[in-house]
Amino acid sequence: MSMDKSFDAEAAEARISAEWENTNAFAAGANASRSETFTVMIPPPNVTGSLHIGHAFNNTLQDILIRWHRMRGFDTLWQPGQDHAGIATQMVVERRMAERQEPNRRVIGRDAFVEKIWAWKQESGDTIINQLKRLGASCDWSRNAFTMSGAPGAPAGEDGNFHDAVIRVFVDLYNKGIIYRGKRLVNWDPHFETAISDLEVENREVPGHMWHFKYPLAGGETYEYVERDEDGNVTLRETRNYISIATTRPETMLGDGAVAVHPDDARYAPIVGKLVEIPVGPKEHRRLIPIITDEYPDPDFGSGAVKITGAHDFNDYGVATRNNIPLYALLDTKGAMRTDGLSYADSAAIATRAARGEDVGDVSNVNLVPDDLRGLDRYDARKLVIDQINAEGLAVTYLHKEIDAETGAEHLEKRPLVEAKPIMQPFGDRSNVVIEPMLTDQWFVDTKQIVGPAIEAVRDGRTEILPEQHKKVYFNWLENIEPWTISRQLWWGHQIPVWYGPGQKNDQQADYDNPVAFCAVSFDEAAALARQHYGTTEIHEVTDAQQAIDDRLEAATLGAQSQHLWRDPDVLDTWFSSGLWPLGTLGWPEDTAELKKYFPTDVLVTGFDIIFFWVARMMMMQLEVAKDIPFHTVYVHGLVRDEKGAKMSKSKGNVIDPLTLIDDFGADALRMTLTSMAAMGRDPKLGPRHVEGFRNFVTKIWNATRFAEMNGVRGGNPRPDPSHNVNRWIIGEVARIRQATDEALETYRFNDAATGLYAFVWGKVCDWYVEFSKPLFDGDLADETRATMGWVLDQCYLMLHPIMPFVTEELWALTGDRSKMLVHGDWPTYGAELIDPEADRQMNWVIALIESVRSARAQMGVPAGAKLDLIVTEADAFARDALTANAPLIERLARVNAPVDGTAGKGMIAVSATGASFALPIGDVIDAAAETARLQKAQAKSEKDADGLRKRLSNPKFVENAEAEVIEETRDKLAALDDDIARLQAALEQLAAM
C-alpha cells in the first residue's frame, strides 16, 4: 500500500499510542538485552493538574532518555505517578460541593469528606496521565503510583503500600527524635486555615503604604537625638521623648515585643535598655516594651529603628528568639483578631512585666488585642489602629504646604507621614489571599540532624547536579537549613500517626491540656503503648479531646477502668510523602524485587524551582531511610518562556497550552521544538512559529520517504556495502551523526542532539542525498542506491525516535517488514569505521562547490532559472577528479553548464573550492548597477544595526544589569551582522571588479 501524501498526526498518534499500550511496550524491562538498569522517577504531577508547557518540556526530556536507553537494551523503568496534592485537591472538591449546593465538609465530617475526594479522584484524577500519553511519554503505566495509595478509606484499585511507607518513616524519625512537635513561625493561609510551604507562597508586588509612628519613652523621659553626615558633622540635634518606627502592617503593633536598633547606631545609644509605650490600646493599660540592640536593623534605612513583632514576621522572629523577646500572637486561623485567651488588661500587665525582665512563662494565652478590636478582620483592625494613633497625635508628621487659589496665601499644615509605595506581599498560590506568618504548634523535621549526608553526597560526586550553577543553590539552602514544617491543617493527606491520651495533674485529676503522645503506625500499636503507660487494658479511640473528656466523665460514673485516645487531626505536608517517592514507588518498606533492581535510580529531570522543596528533601530522606542516594544525576532544566523571553502567566495572557500545539502541529513537532531549545542552563523561548517550523521538518522526512517509496526503496535490510561515492559518503555521514547524537545525550546536551539530527536529516539526507541519488536510480547503480537509501532512512527513524516517536514509528511500520516496533528498535552502535575517507572528501568537496556557486548566485541577484557557464581557472588533481566524477550532479544542482577550462574575464565573478578556482560569467544576466545599489543599501542597514548593538554592549549599565542570556544573544546578533557586512563587502568588491 502506498503512503499517504501527508502525515496525519492526529490519527497516527492515537493509533500508535493504543498499540504501544496494548502491547505493554513500556513495561519495566521491555526490550532488555543487557543487565544494566536505567531508572527515571517522574516528578509526580498533582492529581488535580493538567498538562502545561513546563510538564511537556520536563517529560519530553525524560522520555528521550528512557527511549534511548530502552533501544540500547537497558532494563529500563520510567516510574509514573501522581501526588495527592493536599490543598489543591481539597480545594477542588470543596468547590465542587459548593457548586452542587451540598453540605460543607465540616457538616458531613472527615470520613465522608475523604470519601468524596476518593470518588472525585476515581472520576477525574487521571486527566494529566492521559495528557502525558498524548505527548508520547513512555512510562510503565501499569505501575502508575499515587502518594495516597493504601491509605485508610482508599477504594478498590487504590491499594499499595505508599501510605504505609510514609507512616513508617514518620514513626521511625519520631522515635529517633528527628521529628518533633513545637511552636514556630510558619506561612499560614487564612482561607484554608493551614500552614503551607514556601513553594505555595507567591510573592507579588502590590500598592502599599508605609506608616510612621512615635513610640513615647516611658515616664515622659527625653534624650538628645543627634544625626550626623558622613563626615561626622551634626545635621540635626533635638530633644526627643520618642523613638520613631515605620510599618506596613500597623495592626501588628499590638503584638510588639521590643524596638530594635543597631548596636553601632549612636543616635539611640542613650536610650538602649529603656522602655517605650506602644502608641495604641486603652490608655489605662498602655503597655511597655524595651529598646534592644541587634544586627538586623539597618541604620541607613528609615529611622534605623525596627519594631519587633516576633509572632508575625519571619525576620522579627529571628530577632525575638535571639534576644528572648516573648512572642505574642494576635490573629486566629481565619486572619481575624483573636477573641480567646486572657482579657486585654491581664494580658497587657503580663506583657509589661515581661518587658521589665520578669519571667512570665508561657504567653500563649496572652491576648494583646484590645477588647474593641477582638474578632475584627485584620484589615478592619488596621484602620482603627491608624485612626487611634492619629487621634492621639502619635503619628510622625510632615509640613504640608497649600496655596489658596484666590488669595495666594500660603497655608502650612501638619499631616501624618504615610508613604504610598509598592510592597512585596505573600499570597497563597491557590487561595489568592494574603499569607500571614503565624506562630502555631506544628510538627517539624529537625533537618540539621539529617542534612549532612545529603550535602556530602553531592560534594563527593555520588550525585551530580547539572548544570554546575545549581550546586551552589543546593549547598546554600542545605547549609542554612531551617526546621521543616511537615504538618498541615487539612483533611486530605496522610494523617499524623500520633494518638493522645490525657496527662496526669495528680492522682485524682487528668490533664487534657498537656496530653501524652503515642506515635505508632496504627491505633492498635498506639493502644499497646498506652496500655503500658496507663496500666489499663481497655483503650478506646475517640474523635477528639472533648469526647475523651465526656466519655471519661461517663465512665467514671459507671466505674469502668478504661482510657480514651484521640488522633492528631493534622495531615502531612505533601513534600514529606513525595520526598519518599523513589523508595515508596518501588515497594519499600518491603524488600521487593523492583527495589533491589531499580534503586538507587539513575537520573532525575526537574525544574530549578523545586531544588529545595523536592530534590533536597528526597536526598535527605532516602539517605536517612535507605542509607543510599536516590539518583546519581540531577538534570535541572530551565523555565519555558514566551518567545519574547517573558515568564508565562495567566495575567499576562501569554500562557501556551501544549495540547493546543499538539492539536495544531502534532506531538513530534512540539517535542522536537522543546528539545532543540533545551540548552543547558538556559530558559527556552517558545512560540507557535517555532513549533510550526518543526512540523515542516516532519513533512520533510515524510516526503523524503515517499520519494524513496516511489523509487522502489524498502527498509528493514542489512547495511549495504555500495560502490558509488555518493552512497559510501552518506553511510559515513550516518556514522558521524550516530556518534555525535550519543555523545550529546550522554552529556545531557539535548539541544545538540536535536539540532544535529535536524541538520543531518534535513540537509544531508533529505536535500543532498535525495538530490544526488536521483540520477543513480536510472542505471546499474539503482539497486545499491535503493539498498543504501533504505538503510539510511531506517537509521534516521531509529535516531530520531527518542525525540519524535510517532512519525518515526509510523514510517518504520510503512517502509519494511519489521520483526518488532520501532519503540524496541536496536539503537545503532557503528562508528568511524563506516567512513570512507575518499568518498567523504570528494562528496564534501562537491557540496562545498555547489554551495559556493549557489551563494554567489544569490548574493549577486542572478535569476534562479539562469544557467551559467562554469569556468575552471585553476584545479589540482583531486579537484579535477572530483569535478569529472560528479559533473552531472554539479551541473544540475548548481544550475551551471558543463565545466570548461578558461580564464577569468570582464563580467565574471570568482568562486572557489579546496584546490580549485572558478569564474561565473554573470555580466549578461544581471544589472550590475542595480545590484550594487541593492547591496550597498543592505550593507548600510546592517552597519547601522551593528552600531546600535555595539553601543549597547559598550554601555556599562547594560552589561551590569541585563541578564547573561540577553547579553549573549546581543553578542550573537552582532557577530551575525558583522559576518553579513563582510559578505556584502566581498560581493561589492566582486561587482566593482567586473
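When we follow UniProt numbering, the leftmost residue of the sequence shown carries the number 1, and every step to the right adds one.
Backbone N, C-alpha and C define an ideal beta-carbon position, used for all residues, glycine too.
- When the five nearest sequence neighbours on each side are left out, the beta carbons in the same chain lying within less than 6 Å of the beta carbon of Met619 are those of Ala454, in order along the chain.
- DSSP lists Val226 as the beta-bridge partner residues of Arg237.
- Boundaries of the alpha helix (DSSP H) around Val458: 451 to 459.
- For Leu565, the enclosing beta strand (DSSP E) begins and ends at 563 to 567.
- Counting only residues of its own chain and dropping the five nearest sequence neighbours on each side, Leu490 has a CB closer than 6 Å to the CB of Gly86, Gln90, Thr194, Val571.
- Here the segment 522 to 542 makes contact with the segment 490 to 501; the two share three or more CB pairs at distances below 8 Å.
- Around the beta carbon of Asn58, 16 or more other beta carbons lie within 10 angstroms, which makes this residue buried.
- Taking a cut-off of 8 Å for Cβ pairs, the segment 356 to 365 and the segment 312 to 329 touch, as three or more such pairs fall below it.
- Within the segment 634 to 702, the runs of alpha helix (DSSP H) at least 4 residues long that lie entirely inside it are, in chain order, 658 to 665, 667 to 676.
- Contiguous alpha helix (DSSP H) elements confined to the segment 890 to 961 occur at 928 to 954, 956 to 961, taking only those with 4 or more residues.
- In the DSSP assignment, Ile308 falls within the beta strand (DSSP E) that extends over 305 to 308.
- DSSP, read as helix, strand or coil, puts Leu368 in coil.
- Its chain contains Pro297, Pro299 as the residues whose beta carbon lies nearer than 6 Å to that of His262, once the 5 sequence neighbours on both sides are disregarded; these appear in chain order.
- Inclusion of Leu868 and Thr932 in the CB contact set at 8 Å is not warranted, their separation being larger than that value.
- Segment contact: the segment 652 to 665 against the segment 621 to 639, fewer than three CB-CB distances shorter than 8 Å; contact not assigned.
- When Arg430, Asp164, Lys214 are compared, the shortest CA-CA separation from Glu590 is found for Asp164.
- For Val846, the enclosing alpha helix (DSSP H) stretches over residues 837 to 860.
- Taking Val186 as reference, the option from Pro437, Ala336, Glu392, Thr321 with the minimal CA-CA separation is Pro437.
- Less than 8 Å divides the Cβ of Leu604 from the Cβ of Phe631.
- The alpha carbon of Glu94 has as its nearest neighbour, out of Arg430, Glu479, Asp668, the alpha carbon of Arg430.
- Taken through DSSP and simplified to helix, strand or coil, His69 comes out as helix.
- For Val169 against Leu529, the beta-carbon gap comes to about 18 Å, at or over 8 Å, which does not count as contact.
- Contact between Phe213 and Pro279 holds: their C-beta atoms lie close to 6 Å from each other, under 8 Å.
- Distance from the Cα of Ala678 is smallest, within the candidate group Arg382, Ile64, Pro515, Trp762, for Ile64.
- C-alpha of Asn432 to C-alpha of Glu202: approximately 9 Å in a straight line.
- Residues His564, Trp566 of the same chain have their beta carbon placed closer than 8 Å to that of Gln547, with the five preceding and five following residues left out of the count.
- Around Ala992, the same chain offers Thr932 as residues with beta carbons nearer than 8 Å, after the five sequence neighbours per side are excluded.
- By the 16-neighbour rule on beta-carbons within 10 angstroms, Asp524 is exposed.
- With fewer than three CB-CB distances shorter than 8 Å, the segment 457 to 467 does not count as touching the segment 241 to 250.
- Assignment of beta-bridge partners to Pro290 by DSSP yields Leu275.
- Distance between Met648 and Pro688, taken at the CA atoms: about 14 Å.
- In the DSSP assignment, Lys820 falls outside any alpha helix (DSSP H), carrying neither H nor E.
- Taking 8 Å as the cut-off, the Cβ atoms of Ser676 and Ala759 do not count as close.
- Contact check for Val226 against Arg181 fails: the beta carbons are separated by 8 Å or more.
- Taking every protein chain shown into account, the CB of His52 has 16 or more other CB atoms within 10 angstroms, so this residue is buried.
- Here the alpha carbon of Glu410 sits roughly 22 Å from the alpha carbon of Val418.
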